[in-house]
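First residue of the sequence shown? That's 24 in our numbering, and the numbers climb one at a time after it. In this text, a Cβ means the ideal position worked out from N, Cα and C, and glycines have one as well. Here is the structure we will look at.
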Amino acid sequence: MYRFLLTPRWWGINVFVLLAIPFCVFMGSWQLSRFESRMDDHRALDRAAETGRSQPARPLDGMLPVDKATVGKRVTVSGHYGEQLLVPGREIEQKSGYYVLTLLRTGSGKALPVVRGWLPGKADTAKAPAAPRGEVTVTGALQASETPGDNGVSARGGLPAGQIGAISTASLVNLVPYDLYDAWVTLDTADPGMTTVPAEAPANTGLDLKAFQNLGYTGEWFVFAGFVVFMWFRLLRREVEAARDAELGLLAEDPESAEDAEASPSVLAR
């Protein structure tokens, strides 16, 4: 009854199934590992943020470039405040507002973007407190350059003069006349009149949309594997039932075969 499994058609079906199932399982496992990796990054960043707040601040130059090991750590740097910009469309505790971003010109000749605090409402240069004059020493959490479209960072352009959508070197280089660090700092304590901006994880880490996409893809690949198995058993059952009906003589006669059989005697008679 199962001799049909040795036919070329079923050899092709079996080979496809034997290749498709391991491939689906492998892809599902890989996507799951990506999700678990992002979960581990999220936990590590949480731990780093907790320990970073209790550790003494270190000089900025010794903490660059920004990576998973240094992001969120406390740094200190001295310089003079210069150009000031506003970063609209930022939320804190579900309230819309904007960051006050001031460039700190250091002794190295480079400038470091410093988020001095957050204010509610629409971005307004008249409401943003002016930066302190003279040499200052700032202490805050080190952050990686933002990427438009990630973690709620605005990707829209055409902002008014004095505003910027993303805190990144690529965005700032066209607005300020000096070299920039590829990083930024949010102060431990905001300047008077503003709310402190909490440190955030860098893009593509932690429990962001991409992490849950990985989890969704994991489910899809395992569903595909189950569907392949289901279809193989369904085809097998239909073939077995057809073979059993043929043995019992229960198969319906093919109309074309019947017509050929009726025509054969007349042909022979000629």
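Can you list, in chain order, the residues of its chain with a C-beta nearer than 6 Å to that of Leu-83? Leave out the 5 residues immediately preceding and following it. Val-98, Val-100
Member of Ala-266, Val-246, Glu-262 whose CA lies at the smallest distance from the CA of Phe-49: Val-246
Sort out for me which residues DSSP pairs Gln-107 with in a bridge. Thr-125
Gly-140 and Ala-222: beta carbons closer than 8 Å? no
Rounded straight-line distance, which links the Cα of Met-86 to that of Arg-128: 18 Å
Does Glu-169 pass the burial test, meaning 16 or more other C-beta atoms within 10 Å, or should it be called exposed? buried
With DSSP run on the structure shown, which of helix, strand or coil describes Gly-130? coil
Kindly identify the DSSP beta-bridge partner or partners of Gly-120. Arg-113, Pro-143
Decide if Tyr-121 is buried, meaning its Cβ has at least 16 other Cβ atoms within 10 Å, or exposed. So Tyr-121 ends up on the buried side.
Only counting runs of 4 or more residues, tell me where the alpha helix (DSSP H) segments fall wholly within the region 153 to 217, in order along the chain. 192 to 195
Is the beta carbon of Ala-234 sitting closer than 8 Å to the one on Arg-61? yes
Per DSSP, what kind of secondary structure is Ala-286 in: helix, strand or coil? Summary for Ala-286: the model assigns pLDDT 48, below 50, so the residue's position carries little reliability; its value from the coordinates is reported in the next sentence. In the structure shown, Ala-286 sits in a helix (DSSP, three-state: H, G or I).
Three-state class that DSSP yields for Thr-30 in the structure shown: coil
Could you tell me the alpha carbon to alpha carbon distance between Ala-164 and Lys-145, rounded to whole angstroms? 25 Å
If I'm right that Asp-90 touches Thr-162 with Cβ under 8 Å, what's the distance once you round it to whole angstroms? Actually they do not touch by this definition, with Cβ atoms about 20 Å apart.
Under 6 Å Cβ to Cβ from Pro-183, same chain only, skipping five residues before and after it: list those, please. Closer than 6 Å at the Cβ level, and outside the excluded window around Pro-183, lies no residue.
Determine the contact status of Gln-166 and Val-94, defining contact as a CB-CB distance below 8 Å. yes
On a CA-only basis, which of Ala-43, Arg-26, Asp-147, Tyr-204 is nearest Gly-130? Give me that one, please. Nearest option by C-alpha distance: Tyr-204.
For Pro-221, which three-state DSSP category applies? coil
So, for Pro-22: in the same chain, excluding its five sequence neighbours on each side, which residues have a beta-carbon less than 6 Å away from its beta-carbon? Since the first residue of the chain shown is 24 and the last is 293, residue 22 is not available in this structure.
Contact check, Phe-58 vs Asn-237 under 8 Å by CB: the rounded distance? 4 Å
Drop a sphere of 10 angstroms on the beta-carbon of Lys-118, count the other beta-carbons inside from all chains shown, and report buried for 16 or more, exposed for fewer. exposed
Just how far apart, CA to CA, sit Gly-102 and Ser-52? 50 Å
Beta-carbon proximity of Met-217 to Leu-124, cut-off 8 Å: No.
Go ahead and label Trp-34 buried or exposed: buried means 16 or more other beta carbons lie within 10 angstroms of its beta carbon, across all protein chains shown. Its Cβ having fewer than 16 others within 10 Å, Trp-34 is exposed.
In chain order, what residues of the same chain have a beta carbon less than 6 Å from the beta carbon of Ser-191, not counting five sequence neighbours either side? Ser-168, Glu-169
Taking the alpha-carbon positions, what's the Phe-27 to Phe-253 distance? Computed Cα separation, rounded: 19 Å.
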